[in-house]
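S.K.: The structure that follows is given in the form of C-alpha cells.
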Amino acid sequence: MTAPEILTAKDGKLVLSLDKGLYPLEVIYGAAYIFIDRAYVLLGKVDDTITVEIAVKDDADEAGLRALAGEFGNELLSQALRRRITKENQNILETIVSQALAGATGAMVPSAFEDDEDDDDLDFLDDPLGIAVPWEERFKKRGSAPAQPGPDTERDAGPGDSGGFKPTGEK
Amino acid sequence: MSAAATRVFHKKLYKLAAIQEAMEAYADFATLSLERGDEAWTVAFEGADEEFGAETLASEFANYVLAETIQRVRQGAQGSE
Numbered sequence: 013m014t015a016p017e018i019l020t021a022k023d024g025k026l027v028l029s030l031d032k033g034l035y036p037l038e039v040i041y042g043a044a045y046i047f048i049d050r051a052y053v054l055l056g057k058v059d060d061t062i063t064v065e066i067a068v069k070d071d072a073d074e075a076g077l078r079a080l081a082g083e084f085g086n087e088l089l090s091q092a093l094r095r096r097i098t099k100e101n102q103n104i105l106e107t108i109v110s111q112a113l114a115g116a117t118g119a120m121v122p123s124a125f126e127d128d129e130d131d132d133d134l135d136f137l138d139d140p141l142g143i144a145v146p147w148e149e150r151f152k153k154r155g156s157a158p159a160q161p162g163p164d165t166e167r168d169a170g171p172g173d174s175g176g177f178k179p180t181g182e183k
Numbered sequence: 003m004s005a006a007a008t009r010v011f012h013k014k015l016y017k018l019a020a021i022q023e024a025m026e027a028y029a030d031f032a033t034l035s036l037e038r039g040d041e042a043w044t045v046a047f048e049g050a051d052e053e054f055g056a057e058t059l060a061s062e063f064a065n066y067v068l069a070e071t072i073q074r075v076r077q078g079a080q081g082s083e
C-alpha cells in the first residue's frame, strides 16, 4: 500500500487507512491538524495501520468525500516533505539561532569593532587633525595684520586651537 | 436530554492529559465518564446539552483532544531537543 486507502466514504464520513511505516505519526498529526477546522477527525490504530476517521461538518456526497481523501493525501505528502526538510536543515537552523542568541547577549563581538576600543582614551575636546582650527588662522600669512575681529572670530581659543595664532593686541 | 455517545482514544495516539483537560472544558455540556482500557481510553457522554446533541458534542470533544495531543507532542519534541 503506497497511498491512503479509502475504507469508507459515505454518510458524510470518510475513513482512511494509513501504513504507519510510510506515514510517521508526526506527519499524520500534521495533516489531521489542518483538517480540524472543517471536519471532525478521530484517529485509530489497528495493528500497523492507523485509521483516520474524517466526518465533515457540512454536507458532502461521496465525490466530495473522495476529493477530501485526495486533499488529505496531499497534505500528508506536504507534511512529510516539510519534516524531511526540517531534519536536513536542523544543524543550520541551530547554528543560526545560537549565533543570533549569542550576539544578542553580547557574548560575540564582531572583530571589526574591536579596534575601536583603542580610541576610547580620546577626549571629545581633542582635535588631533586640527579640524576645529578656523581657516583664517590656519592659512594666515606670517607677519600680516590679524583679521578684524568679527562675530565669529572674537572668542577665546579652545582646547582644539592648539598651534593657532592668538592676537596679543599689539600692532 | 440527549442519547449517550462514546469516543475511543488509542493510548499510542492520544495523551491522557489532553483527554483530562478536554473533560474539564466540556464538563458544563454533558456528564462525561472516562473508562481506562488496556489499549485505549473510552469517554462516554451522557445527558448532553440538547442544543448540541451527544454526537456533535463528542465529535467536538474528539477534535479538542486531538489538537491538545498534537500541541503536547510538539512541545515535548521541542523540549527534548
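Read top to bottom, the protein sequences are chains Y and Z.
Numbering-wise, this note's numbering puts 127 at position 115 of the first sequence, and it's gapless, one number per residue.
Numbering-wise, this note's numbering puts 14 at position 12 of the second sequence, and it's gapless, one number per residue.
All C-beta atoms, glycine included, are put in the ideal place defined by N, C-alpha and C.
Source: prediction; values computed, not measured.
Inspect the beta-carbon positions of Y:Leu-77 and Y:Leu-30 and report whether they are closer than 9 Å.
M.R.: No. Outside cutoff.
S.K.: Could you tell me which residues DSSP puts in a beta bridge with Z:Trp-43?
M.R.: Beta-bridge pairing links Z:Trp-43 to Z:Phe-11 and Z:Arg-38.
S.K.: Counting contacts by CB-CB distance shorter than 9 Å, is Z:Val-75 in contact with chain Y?
M.R.: So, interface residue.
S.K.: Using the three-state DSSP reduction, which class does Y:Thr-63 fall into: helix, strand or coil?
M.R.: Strand, per DSSP.
S.K.: Does the beta carbon of Z:Ser-35 sit closer than 9 Å to a beta carbon anywhere in chain Y?
M.R.: No, because no Cβ of chain Y sits closer than 9 Å to the Cβ of Z:Ser-35.
S.K.: On the DSSP letters alone, give me the boundaries of the alpha helix (DSSP H) that Y:Gly-76 sits inside.
M.R.: Where Y:Gly-76 is concerned, the enclosing alpha helix (DSSP H) stretches over 74-100.
S.K.: Taking DSSP as the reference, what is the three-state secondary structure of Y:Thr-117?
M.R.: In this structure, Y:Thr-117 counts as coil in the three-state DSSP scheme.
S.K.: Starting from the C-beta of Y:Phe-47, find all residues in its chain whose C-beta is less than 7 Å away, skip the five residues before and the five after it, and write them out in chain order.
M.R.: Cβ within range, chain order: Val-53, Ile-66 and Phe-84.
S.K.: Using 10 angstroms around the beta-carbon of Y:Ile-143, count the other beta-carbons present and answer buried if the total reaches 16, otherwise exposed.
M.R.: Looking at its Cβ environment, which holds fewer than 16 other Cβ atoms inside 10 Å, Y:Ile-143 is exposed.
S.K.: Determine, using beta carbons only, whether Z:Phe-63 and Z:Tyr-28 come nearer to each other than 9 Å.
M.R.: Result yes, Cβ atoms of Z:Phe-63 and Z:Tyr-28 sit closer than 9 Å.
S.K.: Once the 5 residues before and after Z:Ser-100 are set aside, which same chain residues still bring their CB inside 8 Å of it?
M.R.: Residue 100 of chain Z lies beyond the range of chain Z shown here (3 to 83); nothing can be said about it.
S.K.: Can you name the residues of chain Y whose CB is closer than 7 Å to the CB of Z:Arg-38?
M.R.: Result: empty, since nearest Cβ-Cβ is about 17 Å, beyond 7 Å.
S.K.: Between the beta-carbon of Y:Asp-71 and the beta-carbon of Y:Gly-33, is there less than 9 Å?
M.R.: No, these two residues do not count as a Cβ contact at 9 Å.
S.K.: Could you tell me which residues DSSP puts in a beta bridge with Y:Gly-24?
M.R.: DSSP lists no partner for Y:Gly-24.
S.K.: Taking only beta carbons into account, state which residues of the segment 62-92 of chain Y come closer than 8 Å to chain Z, listed in chain order.
M.R.: Those would be Ile-62 and Ala-67, in chain order.
S.K.: Just to confirm, is the Cβ distance from Y:Leu-55 to Y:Val-68 under 9 Å?
M.R.: Going by C-beta atoms, Y:Leu-55 is not nearer than 9 Å to Y:Val-68.
S.K.: Rounded to the nearest angstrom, what separates Z:Glu-70 and Y:Gly-118 at their Cα positions?
M.R.: Approximately 38 Å between the Cα atoms of the pair.
S.K.: With H, G and I counted as helix, E and B as strand and the rest as coil, what does DSSP make of Y:Glu-17?
M.R.: The answer is strand: DSSP assigns Y:Glu-17 an E or B state.
S.K.: Please say whether Y:Glu-38 and Y:Arg-95 have beta carbons closer to each other than 9 Å?
M.R.: Yes, they are a contact pair.
S.K.: Under 8 Å Cβ to Cβ from Z:His-87, same chain only, skipping five residues before and after it: list those, please.
M.R.: The shown model of chain Z, from 3 to 83, leaves out residue 87 of chain Z, and the question about it has no answer.
S.K.: Identify, in the order they occur along the chain, each residue of the same chain with its Cβ nearer than 6 Å to the Cβ of Z:Met-25, setting aside the five sequence neighbours on each side.
M.R.: The answer, listed in chain order, is Leu-34.
S.K.: How is the beta strand (DSSP E) around Y:Leu-58 delimited, first residue to last?
M.R.: Note on residue identity: the sequence assigns Val, not Leu, to residue 58 of chain Y. 51-58 is the extent of the beta strand (DSSP E) around Y:Val-58.
S.K.: To the nearest angstrom, how far is the alpha carbon of Z:Glu-83 from that of Z:Leu-59?
M.R.: Residue confidence for Z:Glu-83 is low, a pLDDT of 44 falling below 50, so the modelled location carries little weight and cannot support an answer.
S.K.: Starting from Y:Gly-42, follow the alpha helix (DSSP H) in both directions and report where the run begins and ends.
M.R.: Its alpha helix (DSSP H) spans residues 37-47.
S.K.: For Z:Thr-8, collect the residues of the same chain with a Cβ closer than 8 Å to its Cβ; drop the 5 residues on either side in sequence, then sort them by chain order.
M.R.: Excluding sequence neighbours, Z:Thr-8 sits near Thr-44, Val-45, Ala-46, Phe-47 and Ala-60.
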